[in-house]
Amino acid sequence: MTKAERYKHVLAYFEEHVPIAETELRYGNPYELLVAVILSAQCTDKRVNMVTPALFEAFPDVDTLAASNSDTVFSYIRSISYPNNKAKHLVGMAQMLQKDFRGEVPSTVEDLIKLPGVGRKTANVIISVVYDKPAMAVDTHVFRVSARIGLTTNAKTPLQTEMQLMKFIPEKLVPRAHHWLILHGRYVCLARNPQCDKCPLTQWCKYYTTLIKTGVAPVLPKLG
Numbered sequence: 024m025t026k027a028e029r030y031k032h033v034l035a036y037f038e039e040h041v042p043i044a045e046t047e048l049r050y051g052n053p054y055e056l057l058v059a060v061i062l063s064a065q066c067t068d069k070r071v072n073m074v075t076p077a078l079f080e081a082f083p084d085v086d087t088l089a090a091s092n093s094d095t096v097f098s099y100i101r102s103i104s105y106p107n108n109k110a111k112h113l114v115g116m117a118q119m120l121q122k123d124f125r126g127e128v129p130s131t132v133e134d135l136i137k138l139p140g141v142g143r144k145t146a147n148v149i150i151s152v153v154y155d156k157p158a159m160a161v162d163t164h165v166f167r168v169s170a171r172i173g174l175t176t177n178a179k180t181p182l183q184t185e186m187q188l189m190k191f192i193p194e195k196l197v198p199r200a201h202h203w204l205i206l207h208g209r210y211v212c213l214a215r216n217p218q219c220d221k222c223p224l225t226q227w228c229k230y231y232t233t234l235i236k237t238g239v240a241p242v243l244p245k246l247g
C-alpha cells in the first residue's frame with residue numbers, strides 16, 4: 024500500500040464516520056480558546072475544562088486578565104500542570120494583546136507565537152479552530168497516531184510531522200483531520216496500550232500490519 028492510498032482510506036473513513044470533529048475544550052470566544060489552549064499544554068482537556076469556568080468568570084475578557092497579576096491567576100489554575108509559568112504567560116499574553124493587537128486574538132501564526140505561552144502548536148490550533156485556516160497542530164496524540172498508522176515516516180519533531188501531514192491531507196480537511204487524529208489517539212490509539220481490537224483503521228495501519236506479521240510491535244519515534 025502506498026502512502027497516498029493509506030491517506031485516502033483513513034481520511035475517507037473519518038469523513039464518513041466522524042463528519043463532525045471539534046476541540047473538547049470549552050470556550051465561548053477566541054480569547055477564551057486561547058486561554059484554554061495555553062492551559063492545555065501537557066495537561067488534559069478534562070482538567071482544563073474543570074478550571075476555566077471560574078477563571079473566565081473572574082477574567083471575562085482580555086482587559087480584566089491584563090489588569091490582574093500572576094499570583095491571582097495562579098489561585099484559579101493551581102490544579103493545572105505548571106501553574107506558575109502558565110499564570111505568568113496568561114497575564115503577559117493579555118497585556119501583549121492589549122498593547123500590540125488592540126485586544127484582538129491575531130489570525131496568523133507569526134503574530135500568535137509572539138505571545139507569551141504560545142508556541143507553534145497553540146498558534147495552529149487558534150488559526151484552525153477560530154479562523155478555519157488549514158493548519159495542523161501537532162500534539163502528542165497527532166504525533167503518535169500519525170507515526171503508528173504510517174501517515175508519517177521517520178518524523179522526529181512536531182514540525183516534521185506537520186509538514187508530512189500537510190503534504191497529503193487536502194486543505195479543506197485539515198481542520199477536521201487535526202481533531203480526527205487527536206480523538207483517535209485519545210480514545211482508541213492509546214499511548215501504552217493501543218486498542219487495536221476496537222480500531223476501525225487496522226486494515227490500513229502500518230503498526231498493526233507489522234504487529235500481525237512479526238508478532239512484535241514496531242518501535243516508533245517519541246515526541247521529546
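Sequential numbering from 24 applies to the sequence shown in the working numbering. The C-beta atom is built at its ideal place from N, Cα and C for all residues, glycine as well. Please read all numbers here as calculations on a predicted model, not as lab measurements.
Query: Please confirm whether residue 113 and residue 96 have their CB atoms less than 9 Å apart.; Result: yes
Query: With a cut-off of 8 Å on the beta carbons, I'd call residue 120 and residue 99 a contact; round off their distance for me.; Result: With a Cβ gap of about 19 Å, residue 120 and residue 99 do not count as contacting.
Query: In or out: residue 144 buried (at least 16 other Cβ within 10 Å) or exposed?; Result: buried
Query: Could you name the residues of the same chain whose beta carbon sits closer than 7 Å to that of residue 224, not counting the 5 residues immediately before and after it, in chain order?; Result: 33, 36 and 172
Query: Measure the Cβ-Cβ separation of residue 206 and residue 47 and say whether it is below 9 Å.; Result: yes
Query: Just mark residue 238 as buried or exposed, buried being the case when its beta carbon has 16 or more other beta carbons within 10 Å.; Result: exposed
Query: Secondary structure at residue 184, three-state DSSP: helix, strand or coil?; Result: helix
Query: For residue 94, which residues from the same chain have a beta carbon less than 8 Å from its beta carbon, with the 5 sequence-adjacent residues on both sides left out?; Result: 110
Query: Compare the C-alpha of residue 26 against each of 67, 188 and 86 and name the closest.; Result: 188
Query: Helix, strand or coil for residue 171, going by three-state DSSP, please let me know.; Result: helix
Query: Would you check if the region 214-221 and the region 131-143 touch, i.e. whether three or more CB-CB distances between them fall below 8 Å?; Result: no
Query: Considering only C-alpha positions, which residue in the set 104, 125 and 66 is nearest to residue 89?; Result: 125
Query: Do you know offhand how far residue 231's Cα is from residue 86's?; Result: 50 Å
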